[in-house]
Every structure is written in C-alpha cells, then in structure tokens.
Amino acid sequence: MIASLRALCASFASFALCSLLFVPSNAVAQAKGQISGAATYQLTKELLAVAPKRFNGSPGHLAAEKFIESHFEPEARDHRLEIDTFTASTPAGLQTMHNIIVKYPGKKDGLIVIGSHYETNYPLKDIAFFGANDGACTSALLIEIGQYLRAHPPQGYGVVLVFFDGEEAVKQWSAQDSLYGSRHLAAKWSQDGTLGHIKAFLLADMIGDKQLDIDQDGNSNPRLIELLKEAAKDTGHANAISRDHTPIEDDTVPFARRGVPVLDVIDFDYGPHTDATPDGYHHTAQDTIDKISPQSLQTAGDIFLELIRLVDQK
Ligand code: ZN
C-alpha cells in the first residue's frame with residue numbers, strides 16, 4: 493500500500509504537500525530530536541576510511557582506538573574516559589588489548605551499560621575483511637549515543653559506553669579463545685563492585701544490515717527482550733524484530749554469567765546464504781559499507797535511546 497501511495501504522490505506537482513502524507517515510521521523518535529542514522533552511517537564511513545582493518549596489533553587497530561577517543565575529548569578532559577588496558581593470553585601469544593570506557597553520570601543509583609566491539613576478526617587479517625556491520629557501524633552508533641548523552645545528560649541511571657576489544661576469536665572460537673575484552677571487564681567490575689550497580693547491559697552488534705531483523709537472543713534476559721520489543725513498538729520499528737530466539741555467544745555472556753541482566757541487540761542473519769558463503773556476509777570480504785544502511789542505523793539508534801528510557805522507568 494505504501495508503494496502505491498508513493499507512486500501516486502510522485503505524480504503530484506507539489507511534493508511538499510504529498511510529503512505530509514508520509515509520516516515516517518520513526519517520526520516519534522525523530523520528533524524527540526534523537527540521534528541520526530545518516531550521521532551514524534557517515535561516521536561508519538569515516539571510521540572505515542582511517543581503520544579499514546582493525547585486527548589486534550595492526551595499524552588500523554590503533555587508528556580505530558584513536559578515532560574513538562578523538563570523539564570523546566570533553567569526557568576525557570572531565571576524567572570520564574578510561575582506557576582499560578590488559579594482556580590477553582591468546583593462541584597467537586600474549587596480546588595487549590584495550591577496552592575504551594566512557595561514563596555519563598546519572599541522577600539515581602545504578603548504571604546502564606551500552607557496549608560494542610570495535611576490532612576486526614584476527615583470523616581474517618589476510619583478506620579484505622572490514623567489518624562494516626561487524627564492529628564498525630556499532631562503534632559509530634556508540635559514538636553517536638555519546639554525543640546525544642553529552643547534550644542530554646542522563647536524568648535517571650548513569651550510562652556507561654564500552655568499546656570492547658578482543659570480541660573475536662584469535663584462532664578458533666572457544667570459551668578461552670573469544671570475548672577477551674568482555675571477560676576481562678566482567679571480572680574486573682566483579683572485583684571492584686561495579687557489577688552490582690548494573691541494571692541492564694545492552695550490546696549492539698551487527699545492526700546496520702540493510703534488511704534489519706533483530707533477534708530475540710536466547711541468551712538475553714527475558715525481561716529485557718520484552719523491553720526490546722516495547723522499545724521497537726514505541727519508536728515505530730516493531731517490524732524490525734524477528735522471531736528468531738537462537739542463543740548467541742557474544743560480549744553479553746561474561747556479564748550474564750555473573751548475574752547481570754543482559755540484552756544482545758543483534759541481527760545475526762546477514763546477507764544471502766549460499767554454498768560459498770553459508771553464513772551470508774558474516775566474516776567475509778562482503779561485509780562492506782554498501783551492505784548496511786542509514787535507515788537500519790536510525791532504527792537501532794531509536795531503539796537504544798528508547799531502551800535507556802524504558803530501563804530508567806522500570
Ligand atoms: Zn565478527
């Protein structure tokens with residue numbers, strides 16, 4: 493029906509009049525002056541330009557860290573930017589890794605953590621693997637969320653952004669060879685007591701896919717899955733939520749194991765599945781900027797900001 497209305501409208505002399513007929517599905521969120529999918533897409537392009545390959549130890553890995561940090565100068569000046577450096581024992585030997593943490597204090601006791609990983613897959617270091625969807629666009633989304641929070645400081649729980657390093661396996665995915673940054677930070681925050689303050693840990697992963705179908709991750713907290721659906725509905729994106737309940741191993745898992753309520757906002761089904769690429773574009777040289785869209789990033793941004801609001805309320 494929308495397509496036929498658009499065709500009708502194309503024949504109108506006055507497009508301005510016609511555009512009144514088309515209230516975008518995310519109009520509610522846009523009306524609140526929230527973050528921009530177009531800006532997030534542009535930022536993803538900029539990150540990919542300076543750091544196309546971001547596997548550990550590469551110049552791009554360092555460039556990605558500098559890129560992220562450069563967007564948080566006000567927070568750094570205010571001592572709210574923390575570089576969490578640690579040494580990971582990997583199948584390729586000891587590797588130095590860095591989680592980048594940015595804090596926005598709130599008005600009530602408790603924290604909402606929003607995470608994403610920024611590095612690219614180490615075993616794919618010898619092919620043109622750029623991870624536009626897998627790491628780049630979600631890092632850009634967190635930067636945009638940070639800019640929103642700078643302009644609109646949290647009125648409820650504090651918000652902590654975490655750019656995780658070492659999400660990917662260094663050789664082959666296993667409990668020991670994966671999730672280096674999140675395992676390290678969950679252990680560290682367990683020791684210093686931070687974990688007890690976390691009301692929700694929200695992860696963004698692979699949500700730039702042009703055909704966005706956000707999973708109802710089977711490893712996520714059921715109450716937060718309900719909030720995800722509510723947030724999608726509130727912002728006019730209910731059709732972006734799929735019925736897939738497959739449990740996904742991700743940076744949420746080390747926190748869930750320690751009792752933190754977690755939500756992985758992920759669309760794992762990325763691109764067409766063929767004999768040559770059974771996992772679609774995931775972990776292939778096809779994971780490039782043209783496979784993601786500003787619209788999907790708008791949807792993701794709207795949903796994340798609504799999730800913050802809903803977690804604050806409940
Ligand atoms: Zn990956």
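Mapping to our numbering: the sequence shown position 269 is 761, numbers consecutive.
Positions of the beta carbon are idealized from the N, C-alpha and C atoms, including for glycine.
Rounded Cβ spacing between Thr-776 and Ala-624 (contact assumed at less than 8 Å): Within the sequence shown, the letter at position 284 stands for residue 776. Within the sequence shown, the letter at position 132 stands for residue 624. Contact flag wrong, Cβ pair sits at about 11 Å.
Beta-carbon proximity of Glu-561 to Leu-573, cut-off 8 Å: Here residue 561 is taken as the residue at index 69 of the sequence shown, counted from 1. Here residue 573 is taken as the residue at index 81 of the sequence shown, counted from 1. Yes. Within cutoff.
Backbone secondary structure at Leu-694 - three-state DSSP: Within the sequence shown, residue 694 is the residue found at index 202, counting from 1. Residue state, collapsed to three classes: strand.
Alpha helix (DSSP H) segment containing Gln-587, residue limits: Within the sequence shown, residue 587 is the residue found at index 95, counting from 1. Run containing Gln-587: none in the alpha helix (DSSP H); it sits in the beta strand (DSSP E), 585 to 596.
Alpha-carbon spacing of Ala-724 relative to Ile-733, whole angstroms: What you label residue 724 is simply residue 232 of the sequence shown in a count that begins at 1. What you label residue 733 is simply residue 241 of the sequence shown in a count that begins at 1. Whole-angstrom Cα-Cα distance: 7 Å.
Glu-660, enclosing beta strand (DSSP E) - first and last residue: Within the sequence shown, numbered from 1, the residue matching residue 660 stands at position 168. Where Glu-660 is concerned, there is no enclosing beta strand (DSSP E), given that its DSSP letter is neither H nor E.
Reference Pro-714, options Leu-704, Asn-731, Phe-621 and Leu-694, closest by Cα: Stepping through the sequence shown from its first residue, residue 714 is reached at position 222. The shortest C-alpha separation from Pro-714 is found at Leu-694.
Nearest to Val-757 (by Cα), restricted to the options Asp-804, Asp-782 and Gln-708: Mapped onto the sequence shown, residue 757 falls at position 265. Checked all of Asp-804, Asp-782 and Gln-708; the closest Cα to Val-757 is Gln-708.
Segment contact flag, the region 609 to 624 with the region 757 to 770, C-beta cutoff 8 Å, min 3 pairs: no
Segment contact, 8 Å Cβ cut-off, at least three pairs: the region 632 to 641 with the region 575 to 591: no
Cutoff 8 Å; reference Thr-738; Cβ partners in own chain excluding five residues on either side: Along the sequence shown, one-based indexing puts residue 738 at 246. Here the set comprises Asp-707, Asp-709, Gly-710 and Phe-760.
Beta-ladder partner(s) of Ser-581, from DSSP: The residue labelled residue 581 in the question sits at position 89 within the sequence shown. Answer is Leu-586, bridged to Ser-581.
Helix, strand or coil at Ile-809 according to DSSP, with G and I counted as helix: Nothing about residue 809 can be read from this structure; the chain reaches only from 493 to 806.
Under the three-state DSSP convention, the category Glu-741 falls into: Looking up residue 741 in the sequence shown gives position 249. Here Glu-741 sits in coil by DSSP.
DSSP-derived helix/strand/coil call for Ser-608: As a working note, residue 608 is residue 116 in the sequence shown. DSSP places Ser-608 in strand when its eight states are reduced to three.
Ala-692 beta carbon less than 8 Å from that of Leu-633: One-based indexing of the sequence shown puts residue 633 at position 141. One-based indexing of the sequence shown puts residue 692 at position 200. No. Outside cutoff.
From Ala-543, Lys-721, Lys-595 and Pro-786, residue whose alpha carbon lies closest to that of Leu-641: As a position in the sequence shown, residue 641 is number 149, starting the count at 1. Closest option to Leu-641, Cα to Cα, is Lys-595.
Cβ shell of Gln-787 (< 7 Å), same chain only, five flanking positions each side left out: Counting from one through the sequence shown, the residue named residue 787 turns up at place 295. Same-chain partners within the cutoff: Gly-529.
Pair within 8 Å by beta-carbon distance, Val-605 and Val-662: Indexing the sequence shown from 1 puts residue 605 at position 113. Indexing the sequence shown from 1 puts residue 662 at position 170. Result no, Cβ atoms of Val-605 and Val-662 do not sit closer than 8 Å.
DSSP three-state assignment for Gly-552, whether helix, strand or coil: Mapped onto the sequence shown, residue 552 falls at position 60. Helix at Gly-552.
For Val-757, the first and last residue of its enclosing beta strand (DSSP E): For the purposes of this step, residue 757 is identified with residue 265 of the sequence shown, where counting begins at 1. First-last of the beta strand (DSSP E) with Val-757: 754 to 758.
Residue burial classification, Gln-668 (beta-carbon count within 10 angstroms, cutoff 16): Counting from 1 along the sequence shown, the entry for residue 668 is found at position 176. Exposed is the call here.
Assigned exposure category for Gln-790 - 16 Cβ within 10 Å defines buried: For the purposes of this step, residue 790 is taken as residue 298 along the sequence shown, with counting starting at 1. Gln-790 should be labelled buried.
With 16 other Cβ atoms within 10 Å as the buried cut-off, status of Ser-670: As a first step, residue 670 is located in the sequence shown; it is residue number 178 there, counting from the start. Buried: at least 16 other Cβ atoms inside 10 Å.
Sub-8 Å separation of Ala-678 and Arg-735 beta-carbons: On the sequence shown, residue 678 is found 186 positions in, with the first residue counted as 1. On the sequence shown, residue 735 is found 243 positions in, with the first residue counted as 1. No, Cβ-Cβ distance for Ala-678 and Arg-735 is not below 8 Å.
Minimum C-alpha distance to Asp-743 - residue among Lys-545, Trp-665, Leu-554 and Pro-551: Taking the sequence shown and counting its residues from 1, the one referred to as residue 743 is at position 251. Ranking Lys-545, Trp-665, Leu-554 and Pro-551 by Cα distance to Asp-743 puts Trp-665 first.
Supposed contact pair Leu-603 and Gly-650 - C-beta distance, whole angstroms, cut 8 Å: Residue numbering aside, residue 650 sits at position 158 when the sequence shown is read from its first letter. Residue numbering aside, residue 603 sits at position 111 when the sequence shown is read from its first letter. With a Cβ gap of about 5 Å, Gly-650 and Leu-603 count as contacting.
Bridge-paired residues (DSSP) for Leu-653: Here residue 653 corresponds to residue number 161 of the sequence shown, with the count starting at 1. Per DSSP, Val-594 and Ile-606.
By C-beta, the residues closer than 6 Å to any heavy atom of the ligand ZN, given in chain order: Asn-613, Asp-626, Glu-660 and His-775
Nearest-angstrom Cα separation, counted from His-553 out to Leu-716: Position 224 of the sequence shown, counted from the first residue, corresponds to residue 716. Position 61 of the sequence shown, counted from the first residue, corresponds to residue 553. If I take the Cα positions, the gap works out to 32 Å.
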